[in-house]
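S.K.: Here's a structure for you.
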Amino acid sequence: MTQRTALDTLLRAAKAWHSALPDATRFCPWPENPSWQPRQPHTLPASDLLCRAPGTPNAKSTALLEALQSAAPFVDWRQSYTVEEVGRHFLDHYGWFELAGPEGHFVTHEARITVGYWGPGLFYPRHQHKPAELYTIVSGRATFQSDGAPDALLGPGQTRYHAPNQPHAMTTHEDPVLTVVFWRGDELAERPRLTQ
Ligand code: ZN
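Encoded structure:
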């Protein structure tokens, strides 16, 4: 399999996932004609963890999970935080990549679609960012904690919305969590920052 084949398959699976989730279609339309952009793969421990221990999917997320696992070795894995901010253990069990967006494997300025993985037993500290985001859970589960909303333990097919600059955190327990995240609004490429 090539990078292009794996990512074309993943983009199709993500589009089907988006169109089947009413929360996602309400949040943002699927971008029109995102254009392929070759990017150098960059590996992180999260890539291997996602292949070996993705957490449990449901019937509707299995196809997307398989496409994500096939694409995992070919993508440009990234992290938003430093060891000083979140610690080494967190960095060794977390990563994300941009499937589509201003800096994605497929370039579009209409939306941003990222994939994030967190291993078991992690606390993702309170953080915020200007674009609004919608988490969709593909496999595993996590407790989502946001200012002004009750905590929620969410699993496959469930979603969590964060308004612009609404501080939020996340905790994984015995399971990891794998998410596809949709972003909309201004400054899509802006990095999140930890809430002071
Ligand atoms: Zn966020």
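Numbering (the working numbering), first residue to last: 2 to 197. The C-beta atom is built at its ideal place from N, Cα and C for all residues, glycine as well. Just so we're clear, the structure is a prediction, and the values are computed from it rather than from any experiment.
Would you mind working out which of GLN197, VAL181, PRO165 and GLN159 sits nearest GLY96, comparing C-alpha positions?
M.R.: The residue you call residue 96 lines up with position 95 of the sequence shown. GLY96 has its Cα closest to that of VAL181, out of GLN197, VAL181, PRO165 and GLN159.
S.K.: Note the first and the last residue of the continuous beta strand (DSSP E) segment covering PHE1.
M.R.: Beyond the ends of the chain as shown, which are 2 and 197, falls residue 1; an answer cannot be given.
S.K.: Based on the DSSP output, what are the partners of GLY102 in its beta bridges?
M.R.: The sequence position of residue 102 within the sequence shown is 101, counting from 1. The partner list for GLY102 (beta bridge, DSSP) reads VAL108.
S.K.: What are the start and end residues of the alpha helix (DSSP H) that includes THR63?
M.R.: The residue you call residue 63 lines up with position 62 of the sequence shown. It spans 63–72 - the alpha helix (DSSP H) in which THR63 sits, taken as one unbroken run.
S.K.: What did DSSP end up calling PRO46 once you bin it into helix, strand or coil?
M.R.: Position 45 of the sequence shown, counted from the first residue, corresponds to residue 46. Helix at PRO46.
S.K.: Only counting the same chain, and skipping five residues up and downstream in sequence, which positions put a Cβ closer than 7 Å to that of ASN59?
M.R.: Here residue 59 corresponds to residue number 58 of the sequence shown, with the count starting at 1. So the list reads PRO157 and GLY158, once near-sequence residues are dropped.
S.K.: Does TRP18 come out as helix, strand or coil in the three-state DSSP assignment?
M.R.: Position 17 of the sequence shown, counting from 1, holds the residue named residue 18. In this structure, TRP18 counts as helix in the three-state DSSP scheme.
S.K.: Quick one: Cα of VAL87 to Cα of PRO23, how far?
M.R.: Stepping through the sequence shown from its first residue, residue 87 is reached at position 86. Stepping through the sequence shown from its first residue, residue 23 is reached at position 22. Cα-Cα distance, rounded: 34 Å.
S.K.: In or out: VAL76 buried (at least 16 other Cβ within 10 Å) or exposed?
M.R.: On the sequence shown, position 75 is the one that residue 76 refers to. Per the 10 Å Cβ criterion, buried.
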